[in-house]
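There are 2 protein chains.
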Amino acid sequence: MELILEKKYVQARRLMEEMNEVDLAEFLEEIDDNASMVLIFRLLPKELAADVFAYLEHDFQQKIVEGITDRELAGIMDELFLDDTVDFIEEMPASIVKRVLKNTDKETRQQINQLLMYPEDSAGSLMTTEFMQVDDEWTVARAIREIRRQSEDKESISVLYVTDRTRRLEGVISLREVLVANDEDIIRDLMTTDVICATTYQDQAEVAEDFKKYDMISLPVVDNEKRLVGIITIDDIVDVIEEETTEDIHRMAAMQAPDDTYLLTSPFSIVKKRFMWLIILMILSILTGLIIAYYEDALSANVLLATFIPMLMSTGGNSGNQASVSLIRSITLGEVEFSDIGRVIWKEFRVSLMVGVAMAIVCFGMVSLIYRQVLVSAAVAITLFVVVVAAKLVGSALPMVATKLRLDPALMASPLITTIIDIIALFIYFNVATRILGV
Amino acid sequence: MELILEKKYVQARRLMEEMNEVDLAEFLEEIDDNASMVLIFRLLPKELAADVFAYLEHDFQQKIVEGITDRELAGIMDELFLDDTVDFIEEMPASIVKRVLKNTDKETRQQINQLLMYPEDSAGSLMTTEFMQVDDEWTVARAIREIRRQSEDKESISVLYVTDRTRRLEGVISLREVLVANDEDIIRDLMTTDVICATTYQDQAEVAEDFKKYDMISLPVVDNEKRLVGIITIDDIVDVIEEETTEDIHRMAAMQAPDDTYLLTSPFSIVKKRFMWLIILMILSILTGLIIAYYEDALSANVLLATFIPMLMSTGGNSGNQASVSLIRSITLGEVEFSDIGRVIWKEFRVSLMVGVAMAIVCFGMVSLIYRQVLVSAAVAITLFVVVVAAKLVGSALPMVATKLRLDPALMASPLITTIIDIIALFIYFNVATRILGV
Numbered sequence: 007m008e009l010i011l012e013k014k015y016v017q018a019r020r021l022m023e024e025m026n027e028v029d030l031a032e033f034l035e036e037i038d039d040n041a042s043m044v045l046i047f048r049l050l051p052k053e054l055a056a057d058v059f060a061y062l063e064h065d066f067q068q069k070i071v072e073g074i075t076d077r078e079l080a081g082i083m084d085e086l087f088l089d090d091t092v093d094f095i096e097e098m099p100a101s102i103v104k105r106v107l108k109n110t111d112k113e114t115r116q117q118i119n120q121l122l123m124y125p126e127d128s129a130g131s132l133m134t135t136e137f138m139q140v141d142d143e144w145t146v147a148r149a150i151r152e153i154r155r156q157s158e159d160k161e162s163i164s165v166l167y168v169t170d171r172t173r174r175l176e177g178v179i180s181l182r183e184v185l186v187a188n189d190e191d192i193i194r195d196l197m198t199t200d201v202i203c204a205t206t207y208q209d210q211a212e213v214a215e216d217f218k219k220y221d222m223i224s225l226p227v228v229d230n231e232k233r234l235v236g237i238i239t240i241d242d243i244v245d246v247i248e249e250e251t252t253e254d255i256h257r258m259a260a261m262q263a264p265d266d267t268y269l270l271t272s273p274f275s276i277v278k279k280r281f282m283w284l285i286i287l288m289i290l291s292i293l294t295g296l297i298i299a300y301y302e303d304a305l306s307a308n309v310l311l312a313t314f315i316p317m318l319m320s321t322g323g324n325s326g327n328q329a330s331v332s333l334i335r336s337i338t339l340g341e342v343e344f345s346d347i348g349r350v351i352w353k354e355f356r357v358s359l360m361v362g363v364a365m366a367i368v369c370f371g372m373v374s375l376i377y378r379q380v381l382v383s384a385a386v387a388i389t390l391f392v393v394v395v396a397a398k399l400v401g402s403a404l405p406m407v408a409t410k411l412r413l414d415p416a417l418m419a420s421p422l423i424t425t426i427i428d429i430i431a432l433f434i435y436f437n438v439a440t441r442i443l444g445v
Numbered sequence: 007m008e009l010i011l012e013k014k015y016v017q018a019r020r021l022m023e024e025m026n027e028v029d030l031a032e033f034l035e036e037i038d039d040n041a042s043m044v045l046i047f048r049l050l051p052k053e054l055a056a057d058v059f060a061y062l063e064h065d066f067q068q069k070i071v072e073g074i075t076d077r078e079l080a081g082i083m084d085e086l087f088l089d090d091t092v093d094f095i096e097e098m099p100a101s102i103v104k105r106v107l108k109n110t111d112k113e114t115r116q117q118i119n120q121l122l123m124y125p126e127d128s129a130g131s132l133m134t135t136e137f138m139q140v141d142d143e144w145t146v147a148r149a150i151r152e153i154r155r156q157s158e159d160k161e162s163i164s165v166l167y168v169t170d171r172t173r174r175l176e177g178v179i180s181l182r183e184v185l186v187a188n189d190e191d192i193i194r195d196l197m198t199t200d201v202i203c204a205t206t207y208q209d210q211a212e213v214a215e216d217f218k219k220y221d222m223i224s225l226p227v228v229d230n231e232k233r234l235v236g237i238i239t240i241d242d243i244v245d246v247i248e249e250e251t252t253e254d255i256h257r258m259a260a261m262q263a264p265d266d267t268y269l270l271t272s273p274f275s276i277v278k279k280r281f282m283w284l285i286i287l288m289i290l291s292i293l294t295g296l297i298i299a300y301y302e303d304a305l306s307a308n309v310l311l312a313t314f315i316p317m318l319m320s321t322g323g324n325s326g327n328q329a330s331v332s333l334i335r336s337i338t339l340g341e342v343e344f345s346d347i348g349r350v351i352w353k354e355f356r357v358s359l360m361v362g363v364a365m366a367i368v369c370f371g372m373v374s375l376i377y378r379q380v381l382v383s384a385a386v387a388i389t390l391f392v393v394v395v396a397a398k399l400v401g402s403a404l405p406m407v408a409t410k411l412r413l414d415p416a417l418m419a420s421p422l423i424t425t426i427i428d429i430i431a432l433f434i435y436f437n438v439a440t441r442i443l444g445v
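Line by line, the protein sequences give chains F and S. As numbered in our numbering, residues 7 to 445 make up the first sequence, in order. As numbered in our numbering, residues 7 to 445 make up the second sequence, in order.
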C-alpha cells in the first residue's frame, strides 16, 4: 500500500504477484478510496486480475468494471471461469451486463446466455461449461496430448468426461487412471460407466447430497437427452451446503433465510423476513392466554399459581426444543427417516421419563423451600413432569410428521413447537392445580 | 442378491464390479444376516473391497474383520487409504486393532501409530500421508514420470507438493501446471511459493475455514519445523463442516453435541447431553417467578393481567431469538465481527422499532376486542413494544459480546437469551401495568 502511495508501481506489482488471490481480494476491499482501489487492481497481471475479480464482493466488482477500459474488461472476461462470470453478471445492473457481453467473444456470449436461463438453485446455474472432455475412442496417448493442450482453460481436470460422437456421456475416468495406463490403451476400456450425474434442472440441495454421499470433487451435468452440458465442482458445493444450513437455521428460528450477508441487508428487508412468523406466533399466544382467562377463578383463589407459569412454559419449551432440534438435524443429515418414527418416539419417551422425574424432584425441592406450600409445590412438580414428557414427544413427533407431509422439518422447530407446548402446559397445569388444591 | 442365494457367485461378482462403492456399502448394510453380508463382501475384488470397506459404518466394519482371514485383511489394509484406516482403527476394540496392526507392513504400522497420536479434531488426525511429493530440482519430464509411476497409491494428485532435500515444504504446483509446461522446465521455477498450509495440532474448524476461504481441494500439513507430513483433502473437510454445524445447532438448543447418530445413541447418553442446561434454565425460571410473586398484590387486584404473561414472554423470546440466530450464523460465517457491534445494534434498533410498533398495534386491537378493557390493552401493547425492542437488542448484543470473551456465540442462543428476556419482560410488564392501572 505504501509502495503505491509513493508511486513505486513496479515494486508494488511484484509484491502483489506473490500474494494469494483471496488475500488480494480482501486487501482491495479494505481500501476506502475507490480510485486507488481500481488503480491497484489495474496493476495486476491479466490472469491474476481475473482470479482476484472472482473473489470480490459484487459492489466492488461493479466499481472496478466502471473504472476500467473495454480492452481490460475483455481481458478479464476472457480469463474468468464461466460459472464465476455468470455469478457476477446475475448481480450487475443492466448497463454493466450489456457492456460485459459486448466485450466477450460470440461463443462465450452464447454460453453465458444459456447458463443465465437456468433457474437459481438449479444444477444448471451452478455448473461451468469448462470441463475436460475426451472421446471414448481415443488412446491414452492422444488423451494425454489433448489434456496437455487444453487444460489451461479448464476449471477441473482431475476427472475426465468421456462422450460419444453425439456428446452423450458414456463414462468417466480419473486423470490418475489415464496417467498410470499404457499409451496405447483405449479410453473406452478404462472408463467407469456407472456415473453419478445431475440433470440441469435438479435442485442444488439434492446435488450437494450426492457430493457428500459419494465423496466427489466434481459431478457431470446432463440434459434431457443425456448429453453432457457442464460440470459442478466441489468449491461451489461447499457454498451450497453453507447456504442450505443458513436457510435451515433461520427457519428453525421462525425467519425466512436472508438473501445477503447481515451487514449488507437493510433493516426493512430484515423486518420483512422476520415479521410474518412473529405476528402469527403472537396471535397464537394471545389465544393461549384465553386458557388462563378461563381459569381466572382458580387464579383469584390462589394468585401464587401465576408465579409458576413462566417456569412451566419455558422448561416445556426448552425440552421440546431439544428433541425437535436433535431430530431436525438427524433428518437433514439423512440419519433418520419417517419409518423410524416408532423407534424415535420410544427413545424420546425413555429420555423424557428420566429427565422428567429428575427435574420434578429438583423443582419440588426448590419451590417448597421458597414458598413453603406443599400442595402448590406438588401441583407444580407433577405438572412439570407431565409437561416434559409431552414436550419431548411433541418435539420429536412433529419433525417426523413434517417429512411425511413433504414439509421442511426445520419449519417445525422451536417457536412453533414452543407455542403448542405452551398451550399443553397451561392446560395440564390448571387441571392438575384445581384438582390438587380443590379451587 | 438373488444371484447369491442361488450361489451364482461369478455373475454376482460381475454385477457388483459395475456398482459404485458407496451404493455397494449401502447394499451390504441392508443385509440382515451377518454371514451372507460377509460372504458377499468376500466376493469383491481386493481394490473394490477396500473402497467399500471405507464407506461402511463401524459396526459393519467390525463384523467383516471378524469374518475374514488374516490374508484377506492384509489385502484390504494394503489398499485402504491411511486416513480411512486410522478412522476405522479408532473405533475398534483392542483385540481387532491388534489383529489389524499385525496384518500391515512395518512402514504402514509406524505411520498409523503416528497418526493415532494426534488429538481428535486436530489437522493431524484428519490428514493422510499418501500425497504426491516432488523435488524442487526435478524437471517437468521427471515429475510426470514419477507421477505416472506413483499415483496409484496417492489419495489426491491434482496438487503436487514441492519439498527440498530435508522434506521442508517449498511450494505447490498443480498437476495442470505441470502438464502444460515444457518437459525441460524445472519445478522450482514453476511452483507457487505462497502456500496456505495447516500445522499438525491446528483445530479442524480453523482448517475448514481456510478451505472455504481459499476454495481449495487439498491442503498441506506441516510440523513445527515446516516439514511436510501430510495433506488434508476436501472430502474430509465436508464432513468436518457438517460436524461443526451439528455442534452449533445443538448448542443453540442448549444441548451438548451428540457423539454418534441419533438412532445409535442410547437414551441415557441423550439425557446426559440435555440435562445440565435444562436444569440450569429451570432454576433460573423458578427465580423469574419471584418477580410475579413480588407483584402479587397487583395481580390480585386484576387477575386478567396473568393472561398476557405467556404472550409477552414468548413474543419477547421469539424476537430475541430471531436476532441472536441471525447474528450467530453471520459470526460463524465470518460476515460479522466484534468491531461491527455498533452497526449491528443500530440496525437491530431500527428493525425493532418497525416490528415493535406494528406488533403493538395488532396486539392492542386484538386484546381490546377480546377483553374489552382499554387500559389493560394499552398496558399490554406498550409492554410488548418495549419488550420487542429490548429483546432484539439483547439478542443481537450477547452473541457479539461472546465473541469478544472468546466464548462460542452459539452458547448465547435462544434458551439462555429467552430466560434473560423473560426476566426483562415481566419486570417491564408489572411496572407499566401498575402505573397505567394504578393498582
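Yeah, the Cβ is synthetic: ideal placement off N, Cα and C, and Gly gets one too. Computed from a predicted structure; not experimentally measured.
Buried/exposed call for residue i, threshold 16 Cβ in 10 Å
i	result
S/Pro51	exposed
F/Thr251	buried
F/Thr267	exposed
S/Ile298	buried
S/Asp254	buried
F/Phe274	exposed
F/Glu72	exposed
F/Val235	buried
S/Asn324	buried
S/Gly371	exposed
Reference residue i; option with closest CA among the options
i	options	result
F/Ala126	F/Ser164, F/Val103, F/Asp93 and F/Ile37	Reading the sequence as shown, one finds Glu at residue 126 of chain F and not Ala. Considering only alpha carbons, the answer is F/Asp93.
S/Lys278	F/Ser358, F/Val201, F/Ile276 and F/Val213	F/Ser358
F/Arg105	F/Leu121, F/Ile82 and F/Ala60	F/Ile82
F/Thr271	S/Ala416, S/Glu354 and S/Val186	S/Glu354
F/Thr145	F/Glu190, F/Leu86 and F/Glu343	F/Glu190
F/Met319	F/Gly326, F/Ala384 and F/Ala431	F/Ala431
F/Leu310	S/Phe217, S/Glu302 and S/Asn308	S/Glu302
F/Leu390	F/Gln379, F/Leu375, F/Asp346 and F/Ala439	F/Ala439
Inter-residue Cα distance where the pair is residue i and residue j
i	j	result
S/Val363	F/Ile286	16 Å
F/Leu381	S/Ala396	36 Å
F/Thr338	F/Asp242	20 Å
S/Ser4	F/Leu284	Absent from the structure is residue 4 of chain S, since the part of chain S shown begins at 7 and ends at 445.
S/Ile142	F/Arg173	According to the sequence shown, residue 142 of chain S is Asp rather than Ile. Approximately 40 Å, taken between the alpha carbons.
F/Ile102	F/Ile95	8 Å
S/Gly177	F/Arg19	21 Å
F/Tyr124	F/Asp209	11 Å
S/Thr75	S/Ala214	39 Å
S/Ile247	F/Val244	9 Å
S/Ala211	S/Pro264	17 Å
F/Leu269	F/Ser131	26 Å
F/Met261	S/Ser332	9 Å
F/Lys232	S/Arg154	32 Å
F/Leu34	F/Met22	11 Å
S/Thr114	F/Ala56	43 Å
Beta-bridge pairing of residue i - partner residues as DSSP gives them
i	result
F/Ser128	F/Asp209
S/Arg174	S/Arg233
S/Ala204	S/Val227
F/Tyr301	DSSP lists no partner for F/Tyr301.
Limits of the unbroken alpha helix (DSSP H) element including residue i
i	result
F/Pro51	Segment: none, F/Pro51 is in no alpha helix (DSSP H) and carries neither H nor E.
S/Pro226	Counting along the chain, S/Pro226 falls outside any alpha helix (DSSP H), though it belongs to the beta strand (DSSP E) covering Ser224 to Val228.
S/Leu120	As written in the sequence, residue 120 of chain S is Gln, which differs from the Leu given in the question. Residues Lys112 to Leu122.
F/Val184	Leu181 to Val186
First and last residue of the uninterrupted beta strand (DSSP E) at residue i
i	result
F/Phe137	Phe137 to Asp141
F/Thr169	Ser162 to Thr169
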